[in-house]
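Here is the structure we will look at, set down as structure tokens.
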Amino acid sequence: MTPPLHANPGAFGMLPEAPDYAASRFAILPLPYDGTTTWQNGAARGPQAILDASPALEYYDIETGTEPYREGLITMAPVEPAGTPEATIERIRAAAAALLRDGKTVVGLGGEHSVTIGLVQAHAAHFPGLSVLQFDAHTDTRDSYLGSRCNHACAMARVAELCDYVQVGIRSMDVAETARLRPGRTFYAHDHDEAAILAAIERELRDPLYVTIDLDVLDPSEMPATGTPEPGGLRYRQLTRLLAEVCRRRRVVGFDVVELMPIEGFRAPDFLAARLVYQLLAFLTAGGR
Numbered sequence: 447m448t449p450p451l452h453a454n455p456g457a458f459g460m461l462p463e464a465p466d467y468a469a470s471r472f473a474i475l476p477l478p479y480d481g482t483t484t485w486q487n488g489a490a491r492g493p494q495a496i497l498d499a500s501p502a503l504e505y506y507d508i509e510t511g512t513e514p515y516r517e518g519l520i521t522m523a524p525v526e527p528a529g530t531p532e533a534t535i536e537r538i539r540a541a542a543a544a545l546l547r548d549g550k551t552v553v554g555l556g557g558e559h560s561v562t563i564g565l566v567q568a569h570a571a572h573f574p575g576l577s578v579l580q581f582d583a584h585t586d587t588r589d590s591y592l593g594s595r596c597n598h599a600c601a602m603a604r605v606a607e608l609c610d611y612v613q614v615g616i617r618s619m620d621v622a623e624t625a626r627l628r629p630g631r632t633f634y635a636h637d638h639d640e641a642a643i644l645a646a647i648e649r650e651l652r653d654p655l656y657v658t659i660d661l662d663v664l665d666p667s668e669m670p671a672t673g674t675p676e677p678g679g680l681r682y683r684q685l686t687r688l689l690a691e692v693c694r695r696r697r698v699v700g701f702d703v704v705e706l707m708p709i710e711g712f713r714a715p716d717f718l719a720a721r722l723v724y725q726l727l728a729f730l731t732a733g734g735r
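Under our numbering, think of the first position of the sequence shown as 447, with each following residue one higher.
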């Protein structure tokens, strides 16, 4: 049975032709969840804000010379939250697993970072030997937080139970998390070294690769619309330059962009998030399958 499409006719990109599910390479999966947010709420509105901003995108990507939508770009119905974080993550895992079985490259739109747990669970089961590349201001390696092991602050602790990972852009953590740091796999924003990061990816991460991007990895001057806008972050071009190189060196099989907290009356961050999604689709298109 064909999965349901997003009910909003303004699905990602406002494409010139209605996409065909069977022929689409990319599946946009909105995940409007912020049930474990610990400071500013609003990430649940992030997926729709990205979708609403995306019709302003140009189809042609200058950097790669590609039009990613021609690969087939379908927008799915949102995965609605369940009663608990654990139940919500199970719903996300099941939705992503169904898309992977149909041969789709899944693009998760968060929502808070806990949604990554379900996405990585599905990808790790489908792609043996999966590795994860995390872009984030925070390590997110608490084993449990506020009574849940599926809190957004525990996302990478759950990922670590499944596969290896490298962290980039880190600049905030609890002292207890220092014991979980992986030598040569955690890179701080204040000591950004692109060559060292790429060397670590070559050394530590295998194919296939999953990428998770918490938008707070970016400096608040460019991305203020997050629940925890940490100063001293990466610039947009630093991030996309790394992503381009990663897509050249590794087989990226899925990714997510999470933690957009829309600001009423200020749509630039929403467009940045949509542009980042489409830019990464362009890198995957240029890099082949």
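For every residue, glycine included, the Cβ atom is placed at its ideal position computed from N, Cα and C. In this text, all values refer to a predicted model and were calculated from it rather than measured experimentally.
With the cut-off set at 8 Å, would you say residue i and residue j are in Cβ contact?
i: L706; j: T672; result: yes
i: L477; j: G557; result: yes
i: Q613; j: T585; result: yes
i: R537; j: A528; result: yes
i: A625; j: T562; result: no
i: P654; j: R695; result: no
i: T731; j: T512; result: yes
i: L546; j: G615; result: no
For residue i, collect the residues of the same chain with a Cβ closer than 6 Å to its Cβ; drop the 5 residues on either side in sequence, then sort them by chain order.
i: D660; result: H559, D582, V704, E705
i: A690; result: F729
i: R735; result: Summary for R735: the model assigns pLDDT 39, below 50, so the residue's position carries little reliability, and this model does not support an answer.
i: P715; result: M669, A671
i: A453; result: Confidence at A453 is low in this model, with a pLDDT of 42, below 50, so the placement of that residue should be treated as unreliable; the coordinate-derived value is given next. So no residue of the chain qualifies.
i: H569; result: L576, Y656, G700
For residue i and residue j, what's the separation of their Cα atoms in angstroms?
i: D702; j: S577; result: 14 Å
i: A544; j: M522; result: 12 Å
i: D610; j: R471; result: 26 Å
i: A720; j: L503; result: 8 Å
i: L727; j: R588; result: 31 Å
i: A457; j: R683; result: 26 Å
i: Q725; j: N487; result: 27 Å
i: A490; j: P708; result: 9 Å
i: G554; j: L565; result: 8 Å
i: E648; j: Y467; result: 34 Å
i: T635; j: F573; result: According to the sequence shown, residue 635 is Ala rather than Thr. Computed Cα separation, rounded: 30 Å.
i: P531; j: R617; result: 26 Å
i: I643; j: L608; result: 22 Å
i: R652; j: Y505; result: 31 Å
i: V552; j: A541; result: 10 Å
i: M447; j: V621; result: Because the pLDDT at M447 is just 42, under 50, the model does not fix this residue reliably, and the point stays unresolved.
i: E526; j: T534; result: 8 Å
i: S594; j: R604; result: 11 Å
i: L718; j: A606; result: 29 Å
i: E650; j: G492; result: 32 Å
Using the three-state DSSP reduction, which class does residue i fall into: helix, strand or coil?
i: T587; result: coil
i: V621; result: helix
i: F729; result: helix
i: A499; result: helix
i: I616; result: strand
i: F581; result: strand
i: F458; result: coil
i: M602; result: helix
i: P411; result: Outside the shown range of the chain (447 to 735) lies residue 411, about which nothing can therefore be said.
i: I709; result: strand
i: A510; result: Inspection of the sequence shows that residue 510 is occupied by Thr rather than by Ala. The answer is coil: DSSP assigns T510 none of H, G, I, E or B.
i: P476; result: strand
i: Y656; result: strand
i: Y505; result: coil
i: Y515; result: helix
i: G556; result: strand
i: Y682; result: helix
i: T562; result: helix
i: D665; result: coil
i: F701; result: strand
i: T672; result: coil
Determine, for residue i, whether the minimum Cβ-Cβ distance to residues of chain B falls below 8 Å.
i: F472; result: In the displayed structure, chain B is absent; only one protein chain is listed.
Please work out which residues of its chain come closer than 8 Å, Cβ to Cβ, to residue i, disregarding the five sequence neighbours upstream and downstream, and give them in chain order.
i: M460; result: S500, P501
i: K550; result: S470, R471, F472, A473, I520
i: D637; result: none
i: R687; result: E640
Starting from the C-beta of residue i, find all residues in its chain whose C-beta is less than 7 Å away, skip the five residues before and the five after it, and write them out in chain order.
i: P749; result: Any answer about residue 749 is impossible in this case: the structure gives the chain only from 447 up to 735.
i: C693; result: F729, L730, G733
i: R713; result: A499
Inset, instruction - Evaluate the contact criterion for the stretch 663-670 versus the stretch 516-533: three or more CB pairs, one atom per stretch, below 8 Å. - result: With a cut-off of 8 Å, the stretch 516-533 and the stretch 663-670 do not count as touching, because too few Cβ pairs lie within range.
Inset, instruction - Give a yes or no on contact between the stretch 621-630 and the stretch 674-686, applying the rule of three or more CB pairs nearer than 8 Å. - result: Segment contact: the stretch 621-630 against the stretch 674-686, fewer than three CB-CB distances shorter than 8 Å; contact not assigned.
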